[in-house]
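First the structure, in the form of structure tokens, and then the observations on it.
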Amino acid sequence: MIAAAGIKIAQNMKICNMKLLILYGSQTGTAEEVSYDLAREAAHRSIESEIFPLDSFPLENLIYQQLAIFVVSTTGQGEPPDNMIVFWRALMNKNLPKTLLENMNFTVFGLGDSTYEQFNAIARKLWIRLTQLGGKGFYRKGLGDEMHDFEYEAEYHPWCEGLWEALAGYFPIINEVEINNELFPPLYVIENVDLAEQSSKRSQLSVVSNQIIAQKYSISRKIVLSGDFSINPGDTCCIYPENNPSEVSKLMELMGWPNNILSISINPSYPLPPKDLPFNSPITLQTLLTAYIDLHKPASRYFIWIISHFADGAQKEKLTEMSSKTTEGRNEYHRYVVKEKRNIIEILWDFTTVRNLPLEYFIEAAGFLKPREFSIASPPGNCGQLEILVSAVEHFTPMGRVVKGLCTHFLAKMQAEEKVSAFVKRGRMPIPPFNAPLIVIATGAGLAPLKSLIYHRIQNNAYDNTLFFGCRHPDYDYLCKDELESLQIKNQLTIYMAFSQVSEHKFYVQNRIKNEWKFFSEKILAGAFVYICGKYRQLGKIIEDATKFTLVQAGIEEDAANDIVQRMKRERRFYLESW
Numbered sequence: 001m002i003a004a005a006g007i008k009i010a011q012n013m014k015i016c017n018m019k020l021l022i023l024y025g026s027q028t029g030t031a032e033e034v035s036y037d038l039a040r041e042a043a044h045r046s047i048e049s050e051i052f053p054l055d056s057f058p059l060e061n062l063i064y065q066q067l068a069i070f071v072v073s074t075t076g077q078g079e080p081p082d083n084m085i086v087f088w089r090a091l092m093n094k095n096l097p098k099t100l101l102e103n104m105n106f107t108v109f110g111l112g113d114s115t116y117e118q119f120n121a122i123a124r125k126l127w128i129r130l131t132q133l134g135g136k137g138f139y140r141k142g143l144g145d146e147m148h149d150f151e152y153e154a155e156y157h158p159w160c161e162g163l164w165e166a167l168a169g170y171f172p173i174i175n176e177v178e179i180n181n182e183l184f185p186p187l188y189v190i191e192n193v194d195l196a197e198q199s200s201k202r203s204q205l206s207v208v209s210n211q212i213i214a215q216k217y218s219i220s221r222k223i224v225l226s227g228d229f230s231i232n233p234g235d236t237c238c239i240y241p242e243n244n245p246s247e248v249s250k251l252m253e254l255m256g257w258p259n260n261i262l263s264i265s266i267n268p269s270y271p272l273p274p275k276d277l278p279f280n281s282p283i284t285l286q287t288l289l290t291a292y293i294d295l296h297k298p299a300s301r302y303f304i305w306i307i308s309h310f311a312d313g314a315q316k317e318k319l320t321e322m323s324s325k326t327t328e329g330r331n332e333y334h335r336y337v338v339k340e341k342r343n344i345i346e347i348l349w350d351f352t353t354v355r356n357l358p359l360e361y362f363i364e365a366a367g368f369l370k371p372r373e374f375s376i377a378s379p380p381g382n383c384g385q386l387e388i389l390v391s392a393v394e395h396f397t398p399m400g401r402v403v404k405g406l407c408t409h410f411l412a413k414m415q416a417e418e419k420v421s422a423f424v425k426r427g428r429m430p431i432p433p434f435n436a437p438l439i440v441i442a443t444g445a446g447l448a449p450l451k452s453l454i455y456h457r458i459q460n461n462a463y464d465n466t467l468f469f470g471c472r473h474p475d476y477d478y479l480c481k482d483e484l485e486s487l488q489i490k491n492q493l494t495i496y497m498a499f500s501q502v503s504e505h506k507f508y509v510q511n512r513i514k515n516e517w518k519f520f521s522e523k524i525l526a527g528a529f530v531y532i533c534g535k536y537r538q539l540g541k542i543i544e545d546a547t548k549f550t551l552v553q554a555g556i557e558e559d560a561a562n563d564i565v566q567r568m569k570r571e572r573r574f575y576l577e578s579w
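In the UniProt record's numbering, the protein residues as written are 1 to 579.
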């Protein structure tokens, strides 16, 4: 039945002589997932798709496109994601003719977070810019919001329903054939082979030291890694975590998968554009599941839909409902999976009738591990070592389940001289001029990139540096205390601390800024650059309000104080990294 479904779809695709172009800009992978979901929905309607990250699709190629769908996220302070930067710069060239895209019809779906001021800024700006260059929106833009109860899907599903109606004018086959919801042939072809396992294609760094530097409230570590790299302020270390080998062994036993050496290749009958394999083949199943398959992320709706085809009875009905786009199905999926952060191992434990799941489908539906980014805290240069600050991640779900962050707990177990798959990625933090004052404001591990920036300035004899740092207690989670205070003793850094757990009265970093209003406002009026980093999405707004407060206290009218802050943001003197 699966093969027949694939043949029927392929035959219908040949009837339609146009492909659906889907272009995405993705930072964490969500926009990429949405793009492939669109391609799957298109394939169910017998429409063939092409999918490209935007930086892999030259702007000049858009001139020849009749139709394009853009799926883009927004990162930072309204900035494009990493795999869209080159395209974005080309698109924003002021010398482009206004008729450049006059033959192109387009729509845009954005992924954002409404707690940020620049909510879906890239999706909005992209729509405007494509229109300025002559493009015509054939269907309304959609703006997904991570903060909605159903996250981006609250907007995505109704947007999709109207999308296929709008596309029927370009693909008449939409109205000519029934939607085929049968399972496609698997993306991968897997064969057992009697060959040696290939080495990893990933670069590796060595662990020099792994030191606990705080543990009362949560465990924080300073980890030093060595390798062949150079460091600039704002760079990140991207680390591939690994799944717990004992969990992997239990999963293999549960599903009846032997630890064979596998040759894995792309199935030419698969009706969607394939993704590159992140590993070399042949590979053992144990290595594949440990180092490459994402076993710990909440199970996707697509994973639920795939395994529903291999379940029986009431469990099959339950999985089918959860993977549907009905209100009941969406409610159940978000209650059981999203809010409880149930991963694919837990799903397979709960649904005991899913025991004949082919490995080919499992690998496709589970997806691959993505690297986790950690800001580099060490001084810039070519020293061959880097330092990251890692705080253990733990969540408590509505039902009281404890969910631990995969990468932070993986790193906690690393010993000196062990290897981690990792690489250094260039950051986008703008570097302020050395003759301007610098104020950095950090909470917790948000100190890391700002510490690197401070060292960069000190290396260049710029000593007008001020740190406002917020944590709970001076004795328990004042990260890098001795190191920072030694810089203060040398008159290379001024430190203002805010401890929230020292007394019954909470005292946060914004309170310290307000207390030091005279110093703070003088620095702002002297042209200071303000850099903010911390694990709190509202941190930027809180510091912005505190900055206005200091200016008003200094005798500046409220409207004028607001104008000063807005001008700082336009001039990139007010830089924010929060999550």
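Even glycine gets a Cβ: it sits at the ideal position worked out from N, Cα and C.
| Item | Value |
| --- | --- |
| Would the stretch 73-88 count as touching the stretch 45-52 if we require 3 or more Cβ pairs under 8 Å? | no |
| Please tell me whether residue 621 and Tyr531 are closer than 8 Å, where the distance is taken between their beta carbons. | Because residue 621 is not part of the residues shown, which for the chain are 1 to 579, the question remains open. |
| Which same chain residues, not among the five before or five after Ala366, have their C-beta less than 8 Å away from its C-beta? | Ile293, Asp294, Leu295, Phe303 and Ile344 |
| Could you give the C-beta distance for Ile122 and Ile69, rounded to a whole number, given that I count them as a contact under 8 Å? | With a Cβ gap of about 15 Å, Ile122 and Ile69 do not count as contacting. |
| In three-state DSSP terms, what is Glu247? | helix |
| Gly400 lies in the beta strand (DSSP E); which residues open and close that run? | Segment: none, Gly400 is in no beta strand (DSSP E) and carries neither H nor E. |
| On the DSSP letters alone, give me the boundaries of the alpha helix (DSSP H) that Val86 sits inside. | Ile85 to Leu91 |
| With a threshold of 8 Å, are at least 3 pairs of Cβ atoms found where one atom belongs to the stretch 137-155 and the other to the stretch 105-122? | yes |
| Can you give me the Cβ contacts of Asn83 inside the same chain, cut-off strictly under 7 Å, excluding the 5 residues immediately before and after it? | Gly25, Ser26, Pro53, Leu54 and Asp55 |
| For the stretch 393-408 and the stretch 177-192, state whether three or more C-beta atom pairs, one from each stretch, are separated by less than 8 Å. | no |
| From Ile9 to Ile264, what distance separates their C-alpha atoms? | Residue placement at Ile9 cannot be trusted, given a pLDDT of 46 that sits under 50; what the coordinates show is reported in the next sentence. Taking the straight line from one Cα to the other gives about 24 Å. |
| Can you list, in chain order, the stretches of the alpha helix (DSSP H) that have 4 or more residues and sit fully within the stretch 316-351? | 327-333 and 344-350 |
| So for Asn116, helix, strand or coil by DSSP? | Strictly speaking, residue 116 in this sequence is Tyr, with Asn absent from that position. Looking at Tyr116 - three-state DSSP - the assignment turns out to be coil, as it is neither helix nor strand. |
| Report the residue from Val390, Gln566, Leu467 and Leu539 whose alpha carbon sits nearest the alpha carbon of residue 599. | As displayed, the chain neither begins before 1 nor continues past 579, which places residue 599 out of reach and without an answer. |
| Specify, as a first and last residue, the run of the beta strand (DSSP E) that Arg221 falls within. | Ser220 to Ser226 |
| Could you check whether the stretch 414-434 touches the stretch 227-244, counting it as contact only if at least three pairs of C-beta atoms, one from each stretch, sit closer than 8 Å? | yes |
| Quick one: what does DSSP say Asp475 is sitting in, helix, strand or coil? | coil |
| Decide if Met92 is buried, meaning its Cβ has at least 16 other Cβ atoms within 10 Å, or exposed. | exposed |
| Name the DSSP beta bridge partners of Ser421, please? | Gln204 |
| Bridge partners for Asp145 per DSSP, in chain order? | Gly112 |
| Mark Arg510 as exposed unless 16 or more other C-beta atoms lie within 10 angstroms of its C-beta, in which case mark it buried. | For the sequence presented, residue 510 should be read as Gln rather than Arg. So Gln510 counts as buried. |
| On the DSSP bridge assignment, give the partners of His395 in chain order. | Val403 |
| In whole angstroms, what is the alpha-carbon distance linking Lys413 and Asp475? | 25 Å |
| Do the stretch 322-333 and the stretch 263-281 touch if we need at least three Cβ pairs shorter than 8 Å? | no |
| Suppose the cutoff is 7 Å on Cβ atoms and the five residues either side in sequence are ignored; what does the same chain contact list for Asp559 look like? | none |
| Just to check my reading of the structure: Glu364 and Tyr116 have Cβ atoms closer than 8 Å, yes? What is that Cβ distance to the nearest angstrom? | Not really, about 33 Å apart at Cβ, beyond 8 Å. |
| Which one of Arg428, Val502 and Lys201 has the shortest CA to CA distance from Glu278? | Looking at the sequence itself, residue 278 is Pro, so the reference to Glu does not match. Of the listed residues, the one whose Cα sits closest to Pro278 is Lys201. |
| In or out: Ala416 buried (at least 16 other Cβ within 10 Å) or exposed? | exposed |
| Residue range of the beta strand (DSSP E) that Tyr496 falls in? | Thr494 to Phe499 |
| Have a look at Ser246, Pro298 and Phe529 and flag the residue whose alpha-carbon is nearest the alpha-carbon of Val440. | Phe529 |
| Short check: CB of Lys514 to CB of Glu387, under 8 Å? | no |
| Is it right to say Arg512 is buried, meaning 16 or more other beta carbons lie within 10 angstroms of its own, or is it exposed? | buried |
| Rounded to the nearest angstrom, what separates Lys250 and Lys341 at their Cα positions? | 20 Å |
| Go ahead and label Asn61 buried or exposed: buried means 16 or more other beta carbons lie within 10 angstroms of its beta carbon, across all protein chains shown. | exposed |
| Can you name, in chain order, every residue of its own chain whose Cβ lies under 7 Å from the Cβ of Ala572, other than the five neighbours on each side? | The sequence shown places Arg at residue 572, rather than the Ala named in the question. Closer than 7 Å at Cβ, skipping near neighbours: Pro430. |
| Have a look at Lys419 and Lys506 and give me their C-alpha separation to the nearest angstrom. | 42 Å |
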